[in-house]
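> So for the sequence shown, this note's numbering puts the first residue at 682; every next one is plus one.
Where is the CB? At the ideal position from N, CA and C, for every residue including glycine.
In this text the structure is predicted, and so the values were computed from the model without any measurement.
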Amino acid sequence: MTYYIAMVTNILVLLCILLNIPRIKKQSILNKIMYIIFVIAFSVLVPIHMGYNILWMMRGTTSDLSITTFLLALLIVVKNLFNLDFKIFSKAFAIIVISVGTVLYLSALGFTSFSIYDVGFIPNIYLLLGFLVVEIILWRCSKLSACLWLVAFIAYYFRLQTSINLWDYLMDPLLFFVLLVVFLKKIF
């Protein structure tokens with residue numbers, strides 16, 4: 682199951698890139714679907730390097746992406762495929778992910794004497810209490826972002842990925858850098 686989630690997430694990331702190309706963005710839905718079918722077929726069937734397809738190479742580069750990234754990529758693909766007009770990234774969600782991600786990745790790289798990543802291993806009841814506080818804050822600012830992390834927490838509860846750490850379900854470096862770029866773009 683975790684293998685398929687990882688591969689579908691990588692396909693969705695490729696489709697996000699594809700559907701944001703200005704020339705493809707202007708195409709009809711039928712043409713976009715044809716591009717999507719081509720990209721999926723190419724990324725699954727065509728070996729790029731030493732028998733590995735592009736999805737395996739992406740997974741080797743990014744490892745397993747978070748459930749939050751999976752859901753955001755799915756929303757972006759649906760939004761761009763059907764030319765829908767709704768806001769995906771909220772300022773509050775970006776600030777929370779950037780703040781937590783900065784502390785998390787700095788502590789993981791050894792720049793602090795404590796490790797925030799270890800908090801993800803705390804027994805479920807304490808994680809649930811802390812998570813509820815963050816969810817209440819997010820719900821007041823952005824209901825979509827709160828729902829994304831709620832689904833990620835449910836995926837963590839059912840262990841839909843190989844990791845047993847909550848942080849691996851909530852965020853990853855790709856999500857961190859994408860939200861950092863989006864946030865900085867909105868500021869400047």
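#1: Any idea which residues DSSP pairs Tyr798 with across the strands?
#2: Between the region 747-761 and the region 843-857, do three or more beta carbon pairs fall short of 8 Å?
#3: What span of residues does the alpha helix (DSSP H) with Lys868 cover, start to end?
#4: Starting from Ile729 and walking both ways along the beta strand (DSSP E), at which residues does that stretch end?
#5: Does the region 693-701 come close enough to the region 755-765 to have 3 or more Cβ pairs within less than 8 Å?
#6: Tell me, please, whether the region 768-784 touches the region 823-835 by the rule of three or more beta-carbon pairs shorter than 8 Å.
#7: How many angstroms separate the CA atom of Gly801 from the CA atom of Phe767?
#8: How many angstroms separate the CA atom of Asp849 from the CA atom of Lys706?
#9: What are the partner residues of Asn734, as DSSP defines its beta bridges?
#10: My output table needs one value for Lys824: the three-state DSSP class, helix, strand or coil.
#11: Quick check on the DSSP output: what are the complete alpha helix (DSSP H) runs of length 4 or more inside the region 699-786, in order along the chain?
#12: Compare the C-beta of Phe839 against all C-beta atoms of chain C and say whether one is closer than 8 Å.
#13: In this structure, how does DSSP classify Asn805 when only helix, strand and coil are distinguished?
#14: Within a Cβ cutoff of 6 Å, which residues of the same chain sit near Met688, ignoring the five residues on either side of it in sequence?
#15: Using a Cβ-Cβ cut-off of 7 Å (strictly less than) and excluding sequence neighbours within five positions of Gly782, which residues of its own chain qualify?
#16: Got a sec? Which residues, its chain only, sit under 7 Å from Thr793 by beta carbon, not counting five neighbours each side?
Once the coordinates are examined:
#1: According to DSSP, Tyr798 bridges with nothing at all.
#2: yes
#3: A quick correction: the sequence has Ile, not Lys, at residue 868. Element bounds for Ile868: Pro854 to Ile868.
#4: Pro728 to His730
#5: yes
#6: yes
#7: 32 Å
#8: 31 Å
#9: Pro728
#10: helix
#11: 703-706, 710-726, 735-743 and 748-762
#12: No chain C is part of this structure, which consists of one protein chain only.
#13: helix
#14: Leu736
#15: Met852 and Phe857
#16: Leu787
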